[in-house]
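Chains as they are written, first to last, in our numbering: chain A, 1 to 361; chain B, 1 to 361; chain C, 1 to 361; chain D, 1 to 361.
Written below as structure tokens is the structure these notes are about.
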């Protein structure tokens, strides 16, 4: 009543929206029933991509602040979780597209050349803003991935590539994590001690077991030494930087410590939201991977071994990209360095209080 | 190559589509982040409604033919099943809308007056084309349901109400079902005999059971006589027509027989597709009901007991409509009259051959 | 290596588990293929109910502590959220059960008498532990709901009914919420002021609008006064207690304030977990409601109007219980009292600091 | 009433079922909350695997008959579709397992050695009965895949490997398909003509297009000749058998024709069920692939790069098996040879009648 009235139909722009399904097959005189489905499936995808971008841009804004207010953290996390919810949902949309059989698709496929899902600007933008770097993408026809896009989109994509990605923002934010070294708790030092003690104890259990043969003991010892080596690469900043220089890891040394701290002590109130933040990044990556994988499967089923418009079969490309375009791999690998709660160094009372809420101090 | 090239972006009309999210909150100077989600959720709903209508119209065309080619039946069924798939999918979309909390909604709710989901022309059209009659709708404010719509939509809705609905088309089609009475198989007569024999046999088992007390026997007998009565209403066309006149049933007498025949002998090749047709109608009805129910729940959670714009709480209206707007209730109730396969009259060989494929005769 | 080895098969008790599907139809000489499905659907349900109970019991333990450690809150919330995840998942299981047609069910239905899902002890226990009181249950055959259960289960259910439910524990916990009245922030007083100012401002906008007719103005004023009344019942402890005595509300006066505080200021770090706690209770309730509703629908489809073993049709009972057995209705209704963020009283700096983390003070 | 009464609890064997969750962590004195979840997730998987096997065995029985009654086909298809439904459902179960974090898993992981999902006898049996041959499995530690199983299970697996798989049964059934060569319709000959005419027409369109440069024309011609070659391998039984001998195809020459016939003319009543049969095989394969893929992802997230008990990382193995263990690849590849409906040879009236129902002749 305080604002000029608005009707549902106009608010949603339905007059235009519901008239935006122009079948090429109809234009060329052979209307194919299923082309409407094909169009609507892709239009709804793009609408959801827009929503994902809306949330992503807002999270990037939050993390780009020089001083992020504490109250923003919950907002950022719930928006990332909304992205996860959208992904989980639209990954199921393929089931509907698959009600169109390969033969139905052939009815209008010829009219679509060279339009292709590879040209989705928004999907590429999501990948880029999350942190996928151009050099980490699967190479295709020796030209940058954005060459399929419209000139103005190419320009925008180049600008997007220069922006600070969510990966980089989270990397910086992790480096600023308090508690890595507080007055009475040196996490990194204590964690190393705990790891070494754990290995030592495990070894003793095995060596003193009268039922094991010397061969079994030797083999066990060897395996444990292998594990220990993996850990030690983490303990030496020098070794770590070599691995990083070789491109096997992307996070900074300090961020990795912080991420580990958050994961290991996620029960502390102060780490609850950071823990959910890291979890949602893993979820997003995992669900994008599933999206690519399922589309690869569908392309296989739809087209068989037909040669795609670009000279290679679509499903081979998609299957290759599935894993290669993963962004937060370092966070997946982090579990390598988890140790059981019972072996974790105890946090001194003073620090633990700081990890809780002010009102109790 | 044979047709002028088209690009993904233009084919899908993305320039316009992705610019159709006009936030009222932004227009009035208080941009609310979640309004974009709200718009996109409703826009994707409407796109899917369009797809459902596309399939529905095509099925109606198929059933409106004076002589339906046999090859059309598979097409009709798979399109109805696609509607089911879409419904199953979009019913899950509420989960995403529920990531918007009531407080987030309050940020822009005032700007939306009097827009409301009740104004969805397409949803009303789906209900109407399926067969929901105006007199069976929940009355609201003593005006016909389409009074909320735009004048041109009101006109179109009136025309739609005059069209032959899918319910009516299926009713007619059922009446034409062959096999209700073939040269050597009178389904209806044999079914009645089978039912009576079944009751008789059940009764004897109970009466001759020495472990049951007279009271238990009497109670059982009473219950069985109650059941038998329900069946007998079905056996007398006169009684049936009284029930129909009282509005408790909508199908014609002969259609009900045909639907029962199809359900009971669905293993016969000739009834496979008709069986799936009936199943998909039940699915569509059930899923529309679930859609209404979940939206009622969401309205409750979002608004509590707040009085809606129309003077009644939204979730009460939706909960009332949930069951009332069911269309194919007769088909749900049909199971009342199912009898176990082992009691079914056997189909004579000649008729059974006719229910199979020609090539084997 | 440190522990005696265990094999997958033995660990899961598969020898027994996979031999626990005893078809009655087979026992009585007429094996029905689909009875295995029927059994497995119910067995998996019961396994998931056990998991839900495991989580529920653990949450109840956490809230039963006289002094709950801060680090337990995250655990409690993630366990409730796991229950939500399980519910969302198993609600989809009905789709599989529905691949069994009514006719398939008839093949073995007679052998099952009087076994019924009403006898699920675990489901009843979940409802009871969440907080469903015996007097709030739908009456059935004039005997307490647990009369269908085995004697030892009846005894256990009586004990369960005497335990403090999650509803009651959350009610007590809410009453202990700090911040309802801190040194510089009296939430309840400021909230009332804000509500009154909001109504006042809204009224002025309308009354000073030259485009509105006196009739429209009068109608608006009346509606707003109605809304205001609802709020005022909340402001008077006396009125509130009358409503509570009449059974229209179950939460205590102070808990309701606390719940409102949490919802309205959920962005504050200290309220993040409490907000998710309340949300998960709503989710659990909503999903249990959906579970009942979908089972009611399925019963209708499976049995039509057949009279159930207890003398009433199963789907009518289930549909009636759907809403009646809702537990956290007060939390759903809470949205009635939400006001837009822009109208919320600002929290003074000192209190706001206390709502954040200690390390920053 | 006619049968001895049975109670829900006893019917489902709940006394035992709900006491089959023996936590190793509890046995060794360090009860880990999440181990119950871990056990129940795997127990419900195994229950569903049993259901899948129940359906699979029944379908195999149906196809093993020397003369399959027409009425069995619908049963077979609906049971395969039920398997698909179960798979779609349980693939979502991973979401629940992922609510257990890597750190929670570490609490009890050490107690489980060497139990592993690789030891699931039922999963291996499903793969084998569908048609996965031992030589097509990913090699692991140079010992046959069933060496991880219990001796009696090894014996049963060896027997299972010798049985005729569903793949082989479908292969034989396809070879028996009528209509490959009827009195007035030689499908294979007409299909070849249609393919050749299609290529010829496409080539002419391109060659006579004045807007194309000679280079573009040449490139197009080359691509089309490549496509044509793929088709010709299909037209020569000799070439086909070479490809088959090289292990690139598994179906017989005649089955491939039949499968193509079914796909291309699926609208004919007689091919409706065969079409759904082939589709469900694709679905089953696709969903098993997704199951493996998602478990690979989960293993990565749960364990990082930790070395598995068998000396290799679990997720690498799973990712490799994902595609390699696909069984019905030939049916996926079939779309390579689809041609648009408009180019399909018309079926003469006499044959078309035979593809319909007897009652109309």
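Glycine included, every Cβ here is placed at the ideal spot set by N, Cα and C.
Note that this is a predicted model, so its numbers are computed, not measured.
* Assigned exposure category for residue 134 of chain C - 16 Cβ within 10 Å defines buried -> exposed
* Asked: What residues of chain C sit near residue 115 of chain D, judged by a beta carbon separation below 9 angstroms?
  -> 5, 6, 7, 8, 9, 10, 11, 12
* Asked: Under 7 angstroms between C-beta atoms, does residue 155 of chain B make it to chain A?
  -> no
* Asked: alpha helix (DSSP H) containing residue 253 of chain A: first to last residue?
  -> 253 to 264
* To do: Name, please, each residue of chain D whose Cβ falls closer than 9 angstroms to the Cβ of residue 89 of chain C.
  => Ordered by position in chain D, the residues that pass the 9 angstroms Cβ test against residue 89 of chain C are 89, 92, 93, 95, 96.
* Between residue 128 of chain B and residue 160 of chain B, is the Cβ-Cβ spacing less than 7 angstroms? -> yes
* **Reduced DSSP secondary structure (H/G/I, E/B, other) of residue 312 of chain C** => Confidence in residue 312 of chain C is poor, its pLDDT being 49 and thus under 50, which makes the residue's placement unreliable; the coordinate value appears in the next sentence. Here residue 312 of chain C sits in coil by DSSP.
* Same chain, Cβ closer than 6 angstroms to residue 137 of chain A, neighbours up to 5 away in sequence not counted -> 145
* Quick one: what's got a C-beta closer than 7 angstroms to residue 7 of chain B's C-beta in the same chain, skipping five residues either side? -> none
* Asked: Under the three-state reduction of DSSP, which class applies to residue 143 of chain C: helix, strand or coil?
  -> strand
* Scan the region 27 to 41 of chain B for residues whose Cβ lies nearer than 8 angstroms to a Cβ of chain A and list them as they occur along the chain. => Under the 8 angstroms Cβ criterion, the region 27 to 41 of chain B contributes 28, 33, 36, 37, 39, 40.
* To do: Using a cut-off of 8 angstroms between C-beta atoms, extract the partners of residue 99 of chain A located in chain B.
  => 78, 81, 82, 85
* Minimum C-alpha distance to residue 265 of chain C - residue among C/281, C/340, C/245, C/296 -> C/340
* What number of angstroms, rounded off, separates the C-alpha of residue 130 of chain A from the C-alpha of residue 62 of chain B? -> 48 angstroms
* Beta-carbon proximity check, residue 83 of chain B vs residue 46 of chain B, cutoff 7 angstroms -> no
* Under 8 angstroms from the C-beta of residue 110 of chain B: neighbouring residues of chain A -> 2, 3
* **Unbroken stretches of the alpha helix (DSSP H), 4 residues or longer, contained in the region 106 to 157 of chain C** => Along the length of the region 106 to 157 of chain C, whole alpha helix (DSSP H) runs at least 4 residues long occupy 121 to 130, reported in chain order.
* To do: Compare the beta carbon distance of residue 289 of chain D and residue 329 of chain D with 7 angstroms and say whether it is the shorter of the two.
  => no
* To do: Hey, could you find the ends of the alpha helix (DSSP H) residue 339 of chain C is sitting in?
  => No alpha helix (DSSP H) holds residue 339 of chain C; DSSP gives it neither H nor E.
* As assigned by DSSP and simplified to three states, the class of residue 72 of chain D -> helix
* Asked: How many whole angstroms separate the CB atoms of residue 25 of chain D and residue 13 of chain C, which I take to be in contact at a CB cut-off of 8 angstroms?
  -> In fact, because the Cβ distance is near 16 angstroms, the residues do not count as touching under 8 angstroms.
* **Below-7 angstroms beta-carbon distance, residue 336 of chain B vs any chain A residue** => no
* Starting from residue 245 of chain B and walking both ways along the alpha helix (DSSP H), at which residues does that stretch end? -> 237 to 245
* Counting pairs of beta carbons, one from the region 235 to 244 of chain D and one from the region 280 to 297 of chain D, are three or more of them closer than 8 angstroms? -> no
* To do: Rounded to whole angstroms, what's the CA-CA distance from residue 311 of chain C to residue 219 of chain B? Just pull it up for me.
  => Low confidence applies to residue 311 of chain C: its pLDDT is 43, below 50, so where it sits in the model is not reliable, and the reading given next is rough at best. Rounded to the nearest angstrom, the two C-alpha atoms are 11 angstroms apart.
* Between residue 23 of chain B and the rest of its own chain, which residues show a CB-CB distance below 8 angstroms, the 5 nearest in sequence each way excluded? -> Excluding sequence positions up to five before and after residue 23 of chain B, its CB lies within less than 8 angstroms of the CB of 31, 32, 35, 36, 39, 108, all in the same chain and listed in chain order.
* Asked: Quick one: what does DSSP say residue 197 of chain D is sitting in, helix, strand or coil?
  -> helix
* Asked: By how many angstroms is the C-alpha of residue 59 of chain B removed from the C-alpha of residue 309 of chain B?
  -> Confidence in residue 309 of chain B is poor, its pLDDT being 44 and thus under 50, which makes the residue's placement too unreliable to answer from.
* Asked: CA-CA distance, residue 115 of chain B and residue 271 of chain B?
  -> Cα to Cα, the separation comes out at about 46 angstroms.
* To do: Compare the C-beta of residue 175 of chain D against all C-beta atoms of chain A and say whether one is closer than 7 angstroms.
  => no
* Asked: Going by beta carbon distance, what residues of the same chain come within less than 7 angstroms of residue 28 of chain C, once the five residues before and after it are set aside?
  -> 111, listed in sequence order.
* Asked: Thinking C-beta only, is residue 301 of chain A closer than 7 angstroms to residue 332 of chain D?
  -> Yes, the pair counts as a contact, with Cβ atoms nearer than the cut-off.
* Since residue 357 of chain B sits in a beta bridge, which residues does DSSP pair it with? -> D/357
* residue 349 of chain B to residue 189 of chain D, Cα distance in whole Å? -> 37 angstroms
* **Residue of D/4, D/44, D/5, D/2 minimising C-alpha distance to residue 18 of chain D** => Residue D/44 is the option with its Cα nearest to residue 18 of chain D.
* To do: Pull out every residue of the region 131 to 152 of chain A whose Cβ sits closer than 7 angstroms to any Cβ of chain D, in chain order.
  => Across the region 131 to 152 of chain A, no CB contact with chain D closer than 7 angstroms is found for any residue.
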